[in-house]
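Numbering (my numbering), first residue to last: 582 to 683.
We put the beta carbon where it would ideally sit given N, CA and C, even for glycine.
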Amino acid sequence: MSGAALTGMMIIAAGLFAAGLFGVLARRGILFQLVALEVALSGPALAFIAAGAYHGEADGQGMFVLTLTLAAAEVAVGLALFLRIRRAKGSDDSDAVSGLKG
């Protein structure tokens, strides 16, 4: 992999992370925030793979597996919290849960 390809992949990874971060901050629905968080986690995962391919090492793939495991755990905990909050409050709006919305 050339340096230009690495730069392009890092730009895409940064764009994925930025889009996910914007989604977490801009959306009020908890389910949409979880999806945006998954998009944000895919950015660093892509960066790990690209850096590993550039250096010819398998370390990037190992970090990708770690990131994938973290994302799976986050989905399990996040969905459990979502279901519990939805049952307790009757809404999936994060402002209603925090008490900022009537």
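Cβ-based neighbour list, residue i, same chain, cut-off 8 Å, excluding 5 preceding and 5 following
i	result
L664	none
L651	L622
D673	G610, I611, L612, F663, I666 and R667
L597	V620, A621, S623, G624 and L627
Residue nearest to residue i in terms of C-alpha spacing, selected from the options
i	options	result
A654	L615, G633 and A607	L615
A599	T588, I611, S583 and V620	V620
L618	F603, L587 and F645	F603
Alpha-carbon spacing of residue i relative to residue j, whole angstroms
i	j	result
G624	K670	33 Å
G637	A607	38 Å
M582	G589	11 Å
G584	V646	24 Å
M591	L660	30 Å
A626	A657	19 Å
V678	D640	40 Å
Beta bridge counterpart(s) of residue i as assigned by DSSP
i	result
G671	The partner list for G671 (beta bridge, DSSP) is empty, contrary to what the question assumes.
G610	D674
Sequence-distant residues of its chain with Cβ nearer than 7 Å to residue i (five each side left out)
i	result
Q642	I630 and G633
Y635	M582 and L587
V605	Q614, A617, L618 and A621
Check: residue i C-beta below 7 Å from any heavy atom of the ligand HEM
i	result
G637	Looking at this structure, you won't find the ligand HEM or any other ligand, since it has none at all.
Close Cβ partners of residue i (< 6 Å) along its chain, the five nearest in sequence each way excluded
i	result
A594	G624, L627 and A628
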